[in-house]
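Asks: I have a structure I would like to understand better, so I am pasting it below and will then ask my questions one at a time.
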Amino acid sequence: MSVLRPDESAARELAGLQQPLASAVPWDPATGDGTLVNDPAQRAPLVLGNRDFHSITETVCGYVEKGPGRWWNPAFLIAAHVAGLMPLMIIYLIITGVGVWGLNNQVDWAWDITNFVFWIGIGHAGTLISAILCLLKQKWRTSINRAAEAMTIFAVICAGTFPGIHIGRVWMAWMLAPVPNSNAIWSNFSSPLLWDVFAVSTYATVSLLFWYMGMIPDFATLRDRAALRLGLNPAGGQRLPIINVSVDMIRARVYGFLSMGWRFSTRHWINYEKAYLMLAGISTPLVLSVHSIVSFDFATSVIPGWHTTIFPPYFVAGAIFGGFAMVLLLIIPSRELCPGMKDIVTRRHLENMAKIILLTGMMVGFAYAMEFFIAAYSGNKFETDVFVYNRLMPPFLADTLGGGRYAPYWWAYWAMIFCNVVTPQVFWFKRGRQSIPVIFAVAFFVTIGMWFERFVIIVTSLHRAFLPGEWHMFFPTLVDILTFVGSIGTFLTLYLLFMRFLPQFAMSEIKAVMPQANPHAHGHDHHTHDDHHAGGTHAATKHSPNTPTTGGEA
Amino acid sequence: MSSTTTITGTPNAGTAQGTYGIIAEFPDPATTFHAAEVVRDAGYAKWDVYSPFPIHGIDEAMGIKPNKLPLMVGLLGLTGAALGFAFQFFVRTDYAIVHQGKPASAWQVLVPVTFEFGVIFTAFSALLGMLAFNALPMWFHPLLKKERFLRVSDDRFIIAVEAKDAKFDPEQTKQLLLHAGATRVETVSDE
């Protein structure tokens, strides 16, 4: 056919042979993006910019095909270098011994386990968004679930490293798993530490399956776009240096393999949605169980400050709290660096997350208060002393209130209270939770505060045992600090790779919650068939008022 | 909705050899939805709607009945939990660790790991079961060779009727789809 078919323009545009049509309405920061409506009768739009399905595909796949932007290369370079610290420090630790950390006879868990609980907690927001919000039919989750799930996987990778390296003889780490061995020794299934191994590895696996399953249709979209470009330009467009292979050929093969040959069949979609719902259903108790089991590591011991029944719900709330803060820390800069995302992650989304931070922050604050109450109510001197003289009492009140004693880690405790309980309170005010800089600042404080929370729980409870002769302070060494910094670098490196090579948004899910996706949008009666031609969603088909032709080309 | 029952019989004699079927493109979800009802009521069995996302309520419009996937996943999940419990029970019998004066028969400590076993079996059977019920992975398919079809993953809506269907007739099926609101109808060869 010599005449350009109407939809050929879309394919030519994909191949870079034609300028894209002007799509999104530019975002206007002065007037806000219009999603912060107060009227409860009016639903805020989930996607802005008068976008159609094609423009969502174009934006999301654009980040993979053209890259997220010029900033990506330097950002990746820096993050990857910081990440390099982690293997260096781990190798140094293994060839020298755990003495390179600041641990001592009394404080035998410190930054290692603090970092473990910190990272695993961050991982919980991803599953919360993808599973619990899915079951609660919160449609706004579709814009952030992919990024949050990715973050979960990367946080769990960072988390899993620390218990692996803190065991002393790292080469014996395989004994964490119950494997038959020549000594005929089996793991102790009564120990919460072993439950932890199972909980964390199950969580990592299930999160990975959930993430992958969500990406299957989006991999297929990337595959089809690459195939269309190859069809238009068999030479293959951009080629890799040295090996001289077409990039689109690689995309068509790799994304094609990962997509499992998905072809968007409705009979497949129905099973897919069912399986997705079942994964969400099983992930919900899983996410609650994982941090509960992490808290059992502490709660089942008899150490004052750890021996508390409130730990499981308190840890779960804290995990969601810290996880949402990390999602915001990643999403807010992404949206500034890739302005196209502002149509998909609206200010409403950020406000919703701010509200969840406020809620979970209050739960965490309640738990902090309840620990003190139970310590006092128990009448146990050791329990009260841990809270008052290991954590709470600042030096300047020691003479007036503390009888001359003060808590050596008072600064850590008060940093935690300030970051986790005080700063989220700005979200009571609309101006606070609707201002992006304020949300970012609070998320930053919460992330710091949640790290301090784990430090306070672990180190302040351990550093003073029942006899004053067993009192030792813990000070981190450079190796402690650089290992943690390296884990942040690892996390960011993995996230940047995700932004570059994988679909950052669940395209099929976003399309499904757009108004054009509603099959009953035009008052068509469900059961009559006589008005098919009564009109279509013109917004949905910007490129294709296709002329009805019956070209039987095979 | 008797139309969903599979009609057995030899393929229509008029079908050209080497034809996979007919694909018809529809402009939007609403038209696709109603066209699905038309094809369902016409009594076709081997046909499908292809859309970039699952259209709400389309299973009913297509007359698809619920299958046994949830039942299978549930049973496999419970099997996993049972295996997890049995494994721990065996380990504790094979290598008894006496600790904290707790009785060796205490089953409560086995609950967390039993639960995790159940979860992991459920998750794998949900993903693998979904793929198995969908006959995936299938990296090669006649439809995936059709340029027009590849746009479904972006923003197109297509109904494909297979030539294997007993009611398939190249001309009549095409007319039915056009009448149902198709903007373009094409034949797909079965390479």
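Residue numbers (this note's numbering), protein chains in the order written: chain S, 12 to 565; chain R, 8 to 198.
All residues carry an ideal CB built from backbone N, CA and C; glycine is no exception.
These numbers were taken from a predicted model, which means no experiment stands behind them.
Does the region 157 to 165 of chain S come within contact of the region 219 to 231 of chain S, defined as at least 3 CB pairs closer than 8 Å?
Replies: yes
Asks: Going by the DSSP bridge assignment, what does glutamate 193(R) pair with across the sheet?
Replies: Bridge partners of glutamate 193(R) according to DSSP: Ile30(R).
Asks: Can you check DSSP and say which residues form a bridge with tyrosine 57(R)?
Replies: Ser276(S) and Ile165(R)
Asks: Leaving out five residues on either side along the sequence, give the residues of the same chain with a beta carbon under 8 Å from the beta carbon of isoleucine 321(S).
Replies: Ala378, Met381, Glu382 and Ile385, listed in sequence order.
Asks: How about proline 36(R): is its C-beta nearer than 8 Å to some C-beta of chain S?
Replies: yes
Asks: So which of Asn391(S), Tyr325(S) and Phe429(S) has the shortest CA-CA distance to leucine 403(S)?
Replies: Taking leucine 403(S) as reference, the option from Asn391(S), Tyr325(S) and Phe429(S) with the minimal CA-CA separation is Phe429(S).
Asks: By the three-class DSSP mapping on this structure, what secondary structure does methionine 518(S) have?
Replies: helix
Asks: Can you have a look at proline 98(S) and say buried or exposed, based on whether 16 or more other CB atoms are within 10 angstroms of its CB?
Replies: exposed
Asks: Can you tell me whether arginine 250(S) is helix, strand or coil according to DSSP?
Replies: strand
Asks: So who's on the other strand from serine 257(S), going by DSSP bridges?
Replies: Arg250(S)
Asks: Whose C-beta lies closer than 8 Å to the C-beta of leucine 508(S) among residues of the same chain, with five residues either side of it excluded?
Replies: Phe87
Asks: Isoleucine 281(S) CB to nearest chain R CB: under 8 Å?
Replies: yes
Asks: Please go through the same chain and pick out, in chain order, the residues whose beta-carbon is closer than 6 Å to the beta-carbon of valine 338(S), but skip the five residues on each side of it.
Replies: Ala136 and Ala159.
Asks: Which residue from Ala94(S), Ala452(S), Thr138(S) and Ile133(S) puts its Cα closest to that of phenylalanine 495(S)?
Replies: If we check each option's Cα against that of phenylalanine 495(S), Ala94(S) comes out closest.
Asks: Got a sec: which bits of the region 214 to 247 of chain S sit with their beta carbon under 7 Å from any beta carbon on chain R, in order along the chain?
Replies: Thr216, Val217, Leu220, Met224, Ala231, Thr232, Asp235, Ala238, Leu239 and Gly242
Asks: Please confirm whether any heavy atom of the ligand SAM lies closer than 7 Å to the CB of threonine 434(S).
Replies: This structure does not include the ligand SAM; it has no bound ligands of any sort.
Asks: Where DSSP assigns a beta bridge to arginine 475(S), which residues make up the other side?
Replies: Trp482(S)
Asks: Residues of chain S with a CB under 7 Å from the CB of isoleucine 30(R): which are they?
Replies: The contacting residues do not exist; isoleucine 30(R) stays about 11 Å from chain S at best.
Asks: Does aspartate 410(S) come out as helix, strand or coil in the three-state DSSP assignment?
Replies: coil
Asks: Please report the straight-line C-alpha distance between proline 177(R) and isoleucine 29(R), rounded to a whole angstrom.
Replies: 8 Å
Asks: Can you name the residues of chain S whose CB is closer than 7 Å to the CB of phenylalanine 140(R)?
Replies: Asn282
Asks: On the three-state DSSP scale, how would you describe cysteine 430(S)?
Replies: helix
Asks: State the Cα-Cα distance for the pair serine 132(R) and leucine 341(S), rounded to the nearest angstrom.
Replies: 32 Å
Asks: Mind checking aspartate 410(S): buried by the 16 CB within 10 Å criterion, or exposed?
Replies: exposed
Asks: Between histidine 106(R) and serine 201(S), is the Cβ-Cβ spacing less than 8 Å?
Replies: Yes, they are a contact pair.
Asks: Quick check on DSSP: helix, strand or coil for cysteine 349(S)?
Replies: coil
Asks: In this structure, does DSSP put glutamine 182(R) in helix, strand or coil?
Replies: helix
Asks: Assuming contact is defined by CB atoms lying nearer than 8 Å, are phenylalanine 122(R) and aspartate 35(R) in contact in what I supplied?
Replies: no
Asks: Measure the Cβ-Cβ separation of glycine 125(R) and glycine 91(R) and say whether it is below 8 Å.
Replies: In this structure, glycine 125(R) lies near glycine 91(R), with their beta-carbon atoms less than 8 Å apart.
Asks: Using a Cβ-Cβ cutoff of less than 8 Å, which residues in the same chain neighbour methionine 83(S) once the five nearest sequence positions on both sides are dropped?
Replies: The residue asked about is misnamed: residue 83(S) is tryptophan in this sequence, not methionine. Contacts found: Leu507, Met510 and Arg511.
Asks: Against chain R, does tryptophan 273(S) count as a neighbour if the rule is that its beta carbon must be under 8 Å from one of theirs?
Replies: yes
Asks: Which residue marks the beginning of the alpha helix (DSSP H) containing isoleucine 106(S), and which one marks its end?
Replies: 83 to 107
Asks: With a threshold of 8 Å, are at least 3 pairs of Cβ atoms found where one atom belongs to the region 84 to 98 of chain R and the other to the region 52 to 60 of chain R?
Replies: Contact fails: fewer than three Cβ-Cβ distances are below 8 Å.
Asks: Drop a sphere of 10 angstroms on the beta-carbon of valine 190(S), count the other beta-carbons inside from all chains shown, and report buried for 16 or more, exposed for fewer.
Replies: exposed
Asks: If you drop the 5 nearest sequence neighbours on each side, which residues of the same chain put their C-beta closer than 8 Å to that of isoleucine 127(R)?
Replies: Excluding positions up to five away in sequence, the list reads Gly87.
Asks: What number of angstroms, rounded off, separates the C-alpha of asparagine 391(S) from the C-alpha of arginine 416(S)?
Replies: 18 Å
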